[in-house]
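Quick notes on the structure that follows.
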Amino acid sequence: CWSLLGTTNSDAFIAAGDSDEDYNLGQGLQLLPLLAECLDSTDQSLRRSAGECVSLIHECRLNLGMDEEEAANRTERAYRRGSWDGSEWEVLMDEVKQRIAELSVESGHHMSKKDKKEQRSTFRDFMSTIVDDEGPEEIVNWRGGKVKLNSWQEIIKLNFVRHCLQGGFQVQLMTNETLQAIFGAVFDGSGMPLNQLEKRMYMSKTSEAAKAADKAMTKQRRTRTNVKNHFLTADGEDI
């Protein structure tokens, strides 16, 4: 995903410049027209991915106009060179902001109740950054500690780890020092060691992590078996 790769680069690499300036144009700015088109797609996951990318680009753009004192207080914005105002992207970003606002309240019979709820929640988060210039906030708690995220760069990274680990995400945050260091985990001193009940919940063969791994293995085994046993009839149809 482009947004995940984007978190590995500097703000300037993603969102610096204008086409008539001397230094290199940010890679994210070159993608803005395409992302704007994706926001009109009928594919919900594509719209969400596009919104996430625009949120990251906008965040990087704003960060370019912040000094250390401003960065300490995200509710006070004096962006200067971090603004879209007066740039060639101003009109496009106004259109993107309007579309993001529409998606945050969209309703209709073409979407299920669950999909509408999920889209509204997701695009309200995007709107807070893109329209209102406010940073996101997500807190992940576990027994004895928590991780507090205040930027799209952090949230995108954490969501990738969460997707990879599936049911093992929580226990890894509790026990994996590398993840704790990456995301700046904060501890209250009451989190270690795990009691017997928590060990059964998170580490036993009946834990959610173990069940998820077993389910994935079963699905993979079934797929291999189906491929092995697959054959065609004389009519060329599957049986």
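In terms of the working numbering, the sequence shown is residues -9 to 229.
C-beta: ideal position from N, C-alpha, C; glycine also.
Just the C-alpha distance for residue i and residue j, rounded to the nearest angstrom, thanks.
| i | j | result |
| --- | --- | --- |
| residue 120 | residue 211 | 44 angstroms |
| residue 81 | residue 145 | 28 angstroms |
| residue 77 | residue 94 | 26 angstroms |
| residue 88 | residue 96 | 12 angstroms |
| residue 150 | residue 99 | 31 angstroms |
| residue 25 | residue -3 | 17 angstroms |
| residue 134 | residue 171 | 15 angstroms |
| residue -8 | residue 208 | 31 angstroms |
| residue 55 | residue 118 | 18 angstroms |
| residue 0 | residue 173 | 18 angstroms |
| residue 105 | residue 38 | 12 angstroms |
| residue 153 | residue 169 | 14 angstroms |
| residue 107 | residue 91 | 15 angstroms |
| residue 139 | residue 159 | 16 angstroms |
| residue 17 | residue 52 | 15 angstroms |
Is residue i near the ligand SAH, going by C-beta to nearest heavy atom under 6 angstroms?
| i | result |
| --- | --- |
| residue 49 | Absence of the ligand SAH from the depicted structure is noted, as is the absence of any ligand whatsoever, leaving it without description. |
Under a Cβ-count criterion, where at least 16 other Cβ atoms within 10 Å of its own Cβ denotes burial, should residue i be classed as buried or exposed?
| i | result |
| --- | --- |
| residue 131 | exposed |
| residue 176 | exposed |
| residue 143 | buried |
| residue 33 | exposed |
| residue 43 | buried |
| residue 102 | exposed |
| residue 178 | exposed |
| residue 141 | buried |
| residue 234 | No information on residue 234 is available, as it lies outside the stretch -9 to 229 that the chain covers here. |
| residue 14 | exposed |
| residue 115 | buried |
According to DSSP, is residue i part of a helix, a strand, or is it coil?
| i | result |
| --- | --- |
| residue 157 | helix |
| residue 140 | coil |
| residue 173 | coil |
| residue 78 | coil |
| residue 135 | strand |
| residue 92 | helix |
| residue 121 | coil |
| residue -3 | coil |
| residue 49 | helix |
| residue 85 | helix |
| residue 67 | Only weak support exists for where residue 67 lies, its pLDDT of 43 falling under 50; the value from the coordinates is given anyway. In the structure shown, residue 67 sits in coil (DSSP, three-state: anything other than H, G, I, E or B). |
| residue 127 | coil |
| residue 230 | The requested residue 230 is not part of the displayed model; the chain covers only -9 to 229. |
| residue 3 | helix |
| residue 115 | helix |
| residue 148 | helix |
| residue 178 | coil |
Is there contact between the segment 35 to 55 and the segment -7 to 5, where contact requires at least three CB pairs shorter than 8 angstroms? At 8 angstroms Cβ cutoff, the stretches touch.
Suppose only complete runs of 4+ residues qualify. What are the alpha helix (DSSP H) ranges in the segment 14 to 46, listed by chain order? The qualifying runs are 17 to 28.
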